[in-house]
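*Asks:*
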Amino acid sequence: MTDVKTTEIEQLMAGLNRKIAEGNAAQSRDAAYAVYVKLASLREQLPALTEAGVEKALEHASQKAWRLYEAFHLEVQYDLEWASSRSYEDS
2 MTDVKTTEIE QLMAGLNRKI AEGNAAQSRD AAYAVYVKLA SLREQLPALT EAGVEKALEH
62 ASQKAWRLYE AFHLEVQYDL EWASSRSYED S
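Right, dumping it as structure tokens:
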């Protein structure tokens with residue numbers, strides 16, 4: 002069971018890395034949030050007594066997904082603010 006969960010975590014993070022490589026900031030932000038939510042769901046599914054390695058991998062992946070979400074969210078906000086300030090200058 003622990004190998005299955007670890008593999009699932011690795012697959013989620015690999016998929017996130019692919020999305021980030023393919024997408025723009027908004028798509029990357031959305032993908033990071035989706036992975037974060039899936040990891041939270043995995044955490045809820047884990048039995049109370051879990052091997053420390055799986056829990057540590059899950060925690061690490063969750064933190065990384067959340068930090069990526071925040072970074073891409075800030076990038077999207079910056080792009081939107083920049084675009085809105087440019088439209089006023091062009092008028």
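Residues 2 to 92, numbered by the numbering used here, are exactly what the sequence shown covers, in order. A virtual CB, placed ideally from N, CA and C, is assigned to each residue, including glycine. Every value quoted in this text rests on a predicted model; they were computed, and no experiment measured them.
Is the stretch 39-48 close to the stretch 69-84, with three or more CB pairs under 8 Å?
*Replies:* No, they do not touch.
*Asks:* Return the CA-CA distance between Q12 and E23, expressed in angstroms with no decimal places.
*Replies:* Answer to the nearest angstrom: the Cα atoms are 17 Å apart.
*Asks:* Alpha carbon to alpha carbon, how far is Y79 from N18?
*Replies:* Going from the Cα of Y79 to the Cα of N18 covers about 22 Å.
*Asks:* Please name the residue, chosen from K57, D4, Y70, that lies closest to V36 on a Cα-to-Cα basis.
*Replies:* Taking only the C-alpha atoms, the option nearest V36 is Y70.
*Asks:* Return the CA-CA distance between K1 and A66, expressed in angstroms with no decimal places.
*Replies:* There is simply no residue 1 to check, as the chain begins at 2 and stops at 92 in what is shown.
*Asks:* Can you tell me whether L47 is helix, strand or coil according to DSSP?
*Replies:* L47: coil per DSSP, three-state reduction.
*Asks:* Using the Cβ count rule (16 or more neighbours within 10 Å means buried), how would you classify V55?
*Replies:* Result: buried.
*Asks:* Given a cut-off of 8 Å, decide if M14 and A72 are closer than it, judged by their beta-carbon atoms.
*Replies:* Not in contact: A72 and M14 (Cβ atoms no closer than 8 Å).
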